[in-house]
Structure formats: structure tokens, C-alpha cells
Amino acid sequence: MATKKLIKGNVAICHGAIAARCDAFFGYPITPQNEIPEKMSELMPAHGREFLQAESEVAAINMVYGAACAGKRAMTSSSSPGISLKTEGLSYIAACELPCVIVNVQRGGPGLGNTLPGQADYFQAVKGGGHGDYRLITIAPWSVQECYEFMPLAFDLADRYRNPVMVLMDAIVGQMLEPVDLHENFEIHEYPKPWATNGARGRAHNIINSLWIKTEVMEGLNNRIQAKYAAARRHEVRYQEYRTDDADLVLVAYGSTARICRSVVDMARDEGIAVGLFRPISLYPFPEQQIADLAASGRRFLVAEMSAGQMVEDVRLAVNGSTDVYFHGRTGGAVPTPTEILNKVRAVFGKPPVVSHYGRTEG
Amino acid sequence: MNKHHEVIIAGMGGQGVMVIGQLLAHATVMEGRNVVWFPAYGPETRGGTADCTVIMSSKEIGSPVSSSPDALIALNQLLLDKFAPSVKREGIILVNTSLAKPPRDRSDCKIVEIPANAIADELGNSRAANMVMLGAYVELVKPVKLESIKASMEEVLPPRHHGLIPLNNAALDRGAALVA
Numbered sequence: 063m064a065t066k067k068l069i070k071g072n073v074a075i076c077h078g079a080i081a082a083r084c085d086a087f088f089g090y091p092i093t094p095q096n097e098i099p100e101k102m103s104e105l106m107p108a109h110g111r112e113f114l115q116a117e118s119e120v121a122a123i124n125m126v127y128g129a130a131c132a133g134k135r136a137m138t139s140s141s142s143p144g145i146s147l148k149t150e151g152l153s154y155i156a157a158c159e160l161p162c163v164i165v166n167v168q169r170g171g172p173g174l175g176n177t178l179p180g181q182a183d184y185f186q187a188v189k190g191g192g193h194g195d196y197r198l199i200t201i202a203p204w205s206v207q208e209c210y211e212f213m214p215l216a217f218d219l220a221d222r223y224r225n226p227v228m229v230l231m232d233a234i235v236g237q238m239l240e241p242v243d244l245h246e247n248f249e250i251h252e253y254p255k256p257w258a259t260n261g262a263r264g265r266a267h268n269i270i271n272s273l274w275i276k277t278e279v280m281e282g283l284n285n286r287i288q289a290k291y292a293a294a295r296r297h298e299v300r301y302q303e304y305r306t307d308d309a310d311l312v313l314v315a316y317g318s319t320a321r322i323c324r325s326v327v328d329m330a331r332d333e334g335i336a337v338g339l340f341r342p343i344s345l346y347p348f349p350e351q352q353i354a355d356l357a358a359s360g361r362r363f364l365v366a367e368m369s370a371g372q373m374v375e376d377v378r379l380a381v382n383g384s385t386d387v388y389f390h391g392r393t394g395g396a397v398p399t400p401t402e403i404l405n406k407v408r409a410v411f412g413k414p415p416v417v418s419h420y421g422r423t424e425g
Numbered sequence: 036m037n038k039h040h041e042v043i044i045a046g047m048g049g050q051g052v053m054v055i056g057q058l059l060a061h062a063t064v065m066e067g068r069n070v071v072w073f074p075a076y077g078p079e080t081r082g083g084t085a086d087c088t089v090i091m092s093s094k095e096i097g098s099p100v101s102s103s104p105d106a107l108i109a110l111n112q113l114l115l116d117k118f119a120p121s122v123k124r125e126g127i128i129l130v131n132t133s134l135a136k137p138p139r140d141r142s143d144c145k146i147v148e149i150p151a152n153a154i155a156d157e158l159g160n161s162r163a164a165n166m167v168m169l170g171a172y173v174e175l176v177k178p179v180k181l182e183s184i185k186a187s188m189e190e191v192l193p194p195r196h197h198g199l200i201p202l203n204n205a206a207l208d209r210g211a212a213l214v215a
């Protein structure tokens, strides 16, 4: 443990990007992700890579678009309202089948909201966000270690599927300090990019475009994109289970809320209530089959999110009415405490809220 | 034996709430245990409210959020009033009595009164009040060794504040001596 460094999730993202051989970072400041452009402004030039603070979020995503066209590994980062500004660009990038990585350190919303933690950008991340039939492959770290390790994964998925990949965080995961092993032990694949617009000397021109007037061309593009998503649904589902084997009730949560739920599982188990945790790591593709299997074996679900109820819809789709799906959500920057969620668990089992060994009743 | 400690440190922006939490976190890593430090603050550098949660454990840490911390280090009245009700029953509340009155409705808790600003003033700089509070907490609860806190100073403090390290160390010792 002596070799571990105590850093924030946002800073771990930067070390992960460097390890992933990210060529270019384009960003625009917004809390609670400012440590990313700050650290990148130091690390990228130090490694001979490009760092540029753009004049706006719209400019930054279009710079990513350009760098990706040239076959470079490019990324941007922002927080909720800033991501909204980038969604037009994301639709273009997805339509052009370009790889890139976007980090969203979600804050309380909607609107400008506040700088506190939120998870209310789930729909925007996993259902497309911008216009048209595209998806972002979306992965959600729950620790500072995963912030580091998910960046090489994100760039690899982006190149493999030629599609933008979102790393979906929140202000807790981005701002918390944890000890991290910066092991640099990654297998970084080089993907040939014969489609890149990187100079046509000695070959025919490559054209990267999302404007295709003819229906058959545009529908052909759509079919190709959808085939990639079908492949991602087969090969890229990632999740983690904790004490679900004999659980009557399975908590479903991602990111920092999953960390909170992990403590709730232990608290409930200490009281003799058989609870487990299912943590989707890939939010798109969503681990729907795994949840359907848990539902088929009679387990009920309690979904916890820092939103008014977004991922719970995907859980309900997977469960397809076969069992009960409860929900607990907090919004606007409020963070559920372990006791608060424990009391929801107790309510499912017909038990009164705990107050005795804590200072106050919650939630 | 599992050593598990949850503490909330709260005060006004500029009182050094975050930095004493980071010292605690760094010292915990140095001693080879797990830690999560999580901050909450407004957009201001000074004057707003600031708090951080530090969870230290010899096991893997789940929630970075504490429902009911074992201890509260409160540097001013506003944040003491906000967080005192959430402290675990029979927990510890350290009050900076230079700026706050001890809570009257938590008789179950051990209330530790520390005139931190006055002591820091005696040492020549009231800005070291945070270190007095940290010294008292570390001595009382022993989540880490005071020496590990001192050894974390250079890493945690920005270089422009390294000149304050001797003062900080003296303030830590004074805080510790108060509760020893």
C-alpha cells in the first residue's frame, strides 16, 4: 500500500488518459470536474500531447471531432450543463463513426443546477442525448481506482466500436480522495485507422461526413451503427455483484450510490436481512439479462439513484413485470445516506425505521 | 482488529477544514490503511461553508458518505449546529469554543471544548486553529499517529505554505496536550 497515491477521482481520470495514450484533450472549465483540465494542462504537454482550453463546450467537442477525424485519440470532459452543450457534436461524431471519450462528472440539476453530486444525466448518457438513433457506450466508475483503470478501457471501446464512449461519474466520485495504485499495467491496442483524414498523399481521399441525402445511404449507415450496438450488447456488458447469492432483495445502483449501497448491504445483513447489491458498470449496454435472471429466481429489487428515477426504468424493462421494483432517489445535489437507504430496505421487509444507534431519524 | 473511524470536519471556508481532512487521509494511507475523503463546499474560497468527511478503515470502504459519524470537528457555530444532531450516539464532538458554544442537547456525546483560535493566537497565528483541533482529535481518537500527520505536511500543503509547518506542528502538539 505504500506505493499508493492519494488522489481525487478527477485526477485519476487524467493519469488513466495518459496511460491510454490519449493524444489530445479539449475542454472548458466547469465545477465539479475542474481538476481534470487543470491536471491535463500539466500532464499532456509534459508527455508531448496536446492540451487546449477551448472558448466553449461547443468548440471543445468540435475539436474532439476534428482530432478524431485525423485518427487521434481525443477526449473532453465536462459536467451536466456543459455536456448538454456537447450533445450536438456527439450526435455528429456518432454518425461519422468516430472514436472519442467524454467524461461527465454529473452535478445537481436540471438547468445550471449546483456543483453538488447528481445522477440525473443517466437518460442523456445511455439513451443517446443528442438527436438521431445513436448511443454512447457508457461506463460508470465507483472508486478512484476505477477512474484510473476505466480510461484505457474507454479509449479501447471507442476505437473497437468507432463510437463515442462516455465515462459517467458524479461529484462524489470526481472529488473524493482515495489511495490509488497507478500501475500503468495496461495492454493498449493500436487500431488501424485507414478511414482517417490525415493526408491523402498516395491514396484516394477519405471523406468523413454525416450528411447523406439519399435515404438508402443514410439507412445503411443507421443499420451499420445498430449492428455495432448489437455487438456491444453481446460483448461489453459489465457489472459486479456483492452478496446477491442468497439475497431476497437486490439493491441496484451505480457510481457513488453503489458505494453507499454496499455499506447498506452490510448493515442490513448485520440485522439478519438478506440483501445484496447489483452494480451495473456498463450502463449502456445495460446488464438486462443478468437482472432478468435475478428476477426469474424470485428476487425483488430496490433501485437507488441521485435522480428522480432514471436507471430504474431500465431495471423495470429487464424485470418485465415479473417481480417488485422499488425506488429511492434524491435530487438537486442531495446525497442519500446509508441509514436513509437502510430504512427503505427495512420498509420493504415491514420493519420500522432505525433511530436507536444513530443521532436522528432520516429519509 | 478492524479500526474504522468516520469523522466530519466542518467550518467556514478559509478555516482550513479541507486541509486537516486531507492530512488525516494522507496519514492513514501512510500507515497502510484505507481512506476516503470527500468534500462539500460552495463556489467561494472564503466565507462560505465547508465540510469534509473522512472515513478511515483497515477494511475496504463502502460508502464515502457517513450517516452518523463517530466524531465531529466543528470550527464554527453554524456548522456545529448543522452537524451535531447527526453524530453517532455516544460519539465525540470537538467544539472550537473560540467561535462556538457547545451543544446542550447532545448529553450522550463526549463534548470536547477547545478554544482553538485563542490557542493559535498564543502561538502567533490564529489561522492554525484548525491544527489545534486536529491535534486534539488525533490524540483523543487515535485513528493515526500524530507523527504521521506531521510527516504528511509537506505532501499535503502547497509549497507556499511550507514555511508554516513548524507553527502547524506546534499547534498540533498544543491541541493534543489539551486532551492528553
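Chains as they are written, first to last, in the working numbering: chain F, 63 to 425; chain Y, 36 to 215.
Note that the Cβ used here is the ideal one computed from N, Cα and C, for glycine as well.
Fair warning: this is a prediction, and the values are worked out from it, not measured in the lab.
Taking the C-alpha atoms as reference points, what is the distance between Asn260 (chain F) and Glu367 (chain F)?
43 Å
Taking C-alpha atoms, which residue in Y:Ala153, Y:Val70, Y:Met166, Y:Glu148 lies nearest to Ala60 (chain Y)?
When the alpha-carbon of Ala60 (chain Y) is set against those of Y:Ala153, Y:Val70, Y:Met166, Y:Glu148, the nearest one is in Y:Val70.
is_contact[Ser318 (chain F), chain Y] using C-beta, thresh 8 Å:
It does; some Cβ of chain Y falls within 8 Å.
Reference Met385 (chain F), options F:Gln351, F:Phe363, F:Asn124, closest by Cα:
Going by the sequence as given, residue 385 (chain F) is Thr instead of Met. Taking only the C-alpha atoms, the option nearest Thr385 (chain F) is F:Phe363.
Output the distance between the C-alpha atoms of Lys136 (chain Y) and Ile108 (chain Y), rounded to the nearest integer angstrom.
Rounded to whole angstroms, Lys136 (chain Y) to Ile108 (chain Y) spans 13 Å at the Cα level.
According to DSSP, is Ser142 (chain F) part of a helix, a strand, or is it coil?
helix
At a Cβ cut of 8 Å, what residues of the segment 223–250 of chain F count as close to chain Y, listed as they run along the chain?
Ile234, Gln237, Met238, Leu239, Glu240, Pro241
Along the chain, where does the beta strand (DSSP E) that runs through Ser344 (chain F) open and close?
344–346
Mind listing which residues of the segment 142–166 of chain Y have their C-beta closer than 7 Å to chain F's C-betas, in chain order?
Contact annotation: in the segment 142–166 of chain Y, no residue has its CB less than 7 Å from a CB in chain F.
Taking only beta-carbon positions, decide if Ser102 (chain Y) is within less than 8 Å of chain F.
Yes, its Cβ sits closer than 8 Å to a Cβ of chain F.
When DSSP labels each residue in this structure, what does Ile98 (chain F) get in the three-state scheme?
helix
Beta-carbon of Ser325 (chain F) versus every beta-carbon of chain Y: anything under 8 Å?
yes
Would you verify that the beta carbon of Ala106 (chain Y) is, or is not, closer than 8 Å to some beta carbon of chain F?
no
Count the other CB atoms within 10 Å of the CB of Ser142 (chain Y); is the residue buried (16 or more) or exposed (fewer)?
Exposed is the call here.
Within 8 Å of any Cβ in chain Y, is that where the Cβ of Leu68 (chain F) sits?
yes
Would you call the CB atoms of Pro400 (chain F) and Ser325 (chain F) closer than 8 Å?
Contact: yes.
Using a Cβ cut-off of 8 Å, pull out every chain Y residue sitting near Ile322 (chain F), in sequence order please.
Gly97, Ser98, Pro99, Val100
Going along the chain, which residues of its own chain have a beta-carbon closer than 6 Å to the beta-carbon of Ala82 (chain F), five neighbours each way excluded?
Only residues of its own chain outside the window of five on either side were considered, and among them Met213, Pro214, Phe217 have a CB closer than 6 Å to the CB of Ala82 (chain F), listed in chain order.
Check whether the Cβ atoms of Leu426 (chain F) and Val188 (chain F) sit closer than 8 Å, and answer yes or no.
One cannot answer for residue 426 (chain F) here, as it falls past the ends of chain F, which runs 63 to 425.
How far does the alpha helix (DSSP H) with Leu175 (chain Y) in it extend, from its first residue to its last?
164–176
Who are the Cβ neighbours of Pro254 (chain F) in its own chain at under 7 Å, not counting the five residues just before and after it?
none
Cβ of Ala206 (chain Y) less than 8 Å from any chain F Cβ?
The C-beta of Ala206 (chain Y) comes no closer than 8 Å to any C-beta of chain F.
Would Lys276 (chain F) be called buried (16 or more neighbouring beta carbons within 10 Å of its own) or exposed?
exposed
Check whether Ser140 (chain F) and Tyr90 (chain F) have beta carbons under 8 Å apart
yes
Closer than 9 Å at the beta carbon, the chain F residues around His61 (chain Y)
Leu68, Leu239
CB Glu303 (chain F) to CB Phe340 (chain F), shorter than 8 Å?
yes
Please list the terminal residues of the continuous beta strand (DSSP E) segment that includes Tyr253 (chain F).
Per DSSP, Tyr253 (chain F) belongs to no beta strand (DSSP E) and is neither H nor E.
Quick test of your reading: Lys380 (chain F) and Glu350 (chain F), contact by CB under 8 Å. State the CB separation rounded to the nearest angstrom.
The identity of residue 380 (chain F) in the sequence shown is Ala, whereas the question assumes Lys. Ala380 (chain F) to Glu350 (chain F), Cβ: 4 Å. Contact.
Identify which residue in Y:Pro138, Y:Lys177, Y:Thr84, Y:Asp156 has its Cα closest to the Cα of Leu202 (chain Y).
Comparing Cα positions, the closest option is Y:Asp156.
Give the DSSP-derived three-state secondary structure of His193 (chain F) in the structure shown.
coil
Name the chain Y residues that come within less than 8 Å of Leu178 (chain F), Cβ to Cβ?
Within chain Y, the residues whose beta carbon sits less than 8 Å from that of Leu178 (chain F) are Ala75, listed in sequence order.
Can you tell me whether Lys180 (chain Y) is buried or exposed? The criterion is at least 16 other CB atoms within 10 Å of its CB, across all chains shown.
Label assigned to Lys180 (chain Y): exposed.
Per DSSP, which one or two residues make a beta bridge with Gln168 (chain F)?
F:Asp232
By how many angstroms is the C-alpha of Ala336 (chain F) removed from the C-alpha of Ala205 (chain Y)?
50 Å
Rounded to whole angstroms, how far is the Cβ of His109 (chain F) from the Cβ of Ser153 (chain F), which I believe are closer than 8 Å?
No, His109 (chain F) and Ser153 (chain F) are not in contact; Cβ-Cβ is about 31 Å, not under 8 Å.
Closer than 8 Å at the beta carbon, the chain Y residues around Asp328 (chain F)
Ordered by position in chain Y, the residues that pass the 8 Å Cβ test against Asp328 (chain F) are Gly97.
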